[in-house]
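Notes follow the structure.
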Amino acid sequence: MIGEHVIVGYTNAPGGRDALALAAAITRVTGGELTVATIYPPGSPGLAVEAQANLAHAAEQLGSIPAGYLTYESRGSGRGLSVLASRIRADLIVVGSADGGRHGRITIGATSNHLLHLSSEAVMLAPAQYVPVDGPERLTLAYVHRPQCDEAVERMAQAALRLGIPLRLITLDLRTDDPGKLRDDLALAVRLAWESTGMEAEAEVAEGHDVAAALEDVEWLPGELLVCAASEDAQPHRVFLGELAMKALRASPCPVIVLPRGFA
1 MIGEHVIVGY TNAPGGRDAL ALAAAITRVT GGELTVATIY PPGSPGLAVE
51 AQANLAHAAE QLGSIPAGYL TYESRGSGRG LSVLASRIRA DLIVVGSADG
101 GRHGRITIGA TSNHLLHLSS EAVMLAPAQY VPVDGPERLT LAYVHRPQCD
151 EAVERMAQAA LRLGIPLRLI TLDLRTDDPG KLRDDLALAV RLAWESTGME
201 AEAEVAEGHD VAAALEDVEW LPGELLVCAA SEDAQPHRVF LGELAMKALR
251 ASPCPVIVLP RGFA
């Protein structure tokens, strides 16, 4: 299960603070290690000093919560976080929403955009002004009938069992596909979860004229986590989101975890 070693990209801005709170909440649940990282561009001594100040602020925010702190020089924050994650063997990168986005939703910035197309580790994004609850209440997997999602069904069923929470499988019906086939595919996914782990997954078809409307059609718990599998176009062991999943991420009212292709 992801969360054994979490690295969070921190800036002393609303999105950075949201990400820090979410990362700390995840490690409280998993018992994993937490590393806080601030990335700064090369050839900028002043920004290097500011990065150290950011980490001091993060330590104040975390209080007694144990964590490691790193600054790293890189031409891009997303690239720097990805390199650091590989070096320290983190299995989850947490980042916040870009400034200026809608409250309660995820806005993609340069850092998250890089990670969502090239990260070797799972990526978690926090909605703007997200306040973590005591623990996750349910895992929801956005399901489309394809190998990457079938693998994710088994992995998320295992994670839900370990956490002691329900697993929900959601398929989006945007009124462009055969509803009967969508429900048949979803039923097969529920069966896959049961046969692989004994988990009785919930299943729901979210209907709407577009992705945002479909996601508003279903209930979301305060402690919900939405999981998306990487696109079939992703390189092995890399994150890459397709157009539909990217729209779901932007419309999600809860944190989103994106799994690399071949995640195990």
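FYI, the UniProt record's numbering numbers position 201 of the sequence shown as 201, with every residue one higher than the one before it. C-beta: ideal position from N, C-alpha, C; glycine also.
{"Query": "Does DSSP put residue 183 in a helix, a strand or coil?", "Result": "helix"}
{"Query": "Note the first and the last residue of the continuous beta strand (DSSP E) segment covering residue 228.", "Result": "224-229"}
{"Query": "Whether or not the region 213-226 and the region 66-80 are in contact is what I'm after, with contact meaning three or more pairs of Cβ atoms, one per stretch, closer than 8 Å; do they touch?", "Result": "no"}
{"Query": "According to DSSP, residue 71 sits in a beta bridge with which residue or residues?", "Result": "38"}
{"Query": "Give the secondary structure of residue 304 by DSSP, where H, G and I count as helix, E and B as strand, and everything else as coil.", "Result": "The structure shown does not extend to residue 304, since the chain spans only 1 to 264, so no value can be given for it."}
{"Query": "Restricting to Cα atoms, I'd like to know which of 148, 194 and 255 is closest to residue 129.", "Result": "255"}
{"Query": "Would you mind sorting residue 236 into buried or exposed? The rule is 16 or more other CB atoms within 10 Å of its CB.", "Result": "Annotation note: pLDDT 44 at residue 236 (below 50); position unreliable, coordinate value reported separately. It counts as exposed."}
{"Query": "Could you tell me which whole beta strand (DSSP E) segments of length 3 or greater appear in the region 130-206?", "Result": "138-142 and 167-173"}
{"Query": "What residue from 4, 247 and 23 has the CA that sits closest to residue 61's CA?", "Result": "23"}
{"Query": "Can you list, in chain order, the residues of its chain whose CB lies under 7 Å from that of residue 13, leaving out five sequence neighbours each side?", "Result": "99"}
{"Query": "Can you list, in chain order, the residues of its chain with a C-beta nearer than 8 Å to that of residue 42? Leave out the 5 residues immediately preceding and following it.", "Result": "73, 74 and 75"}
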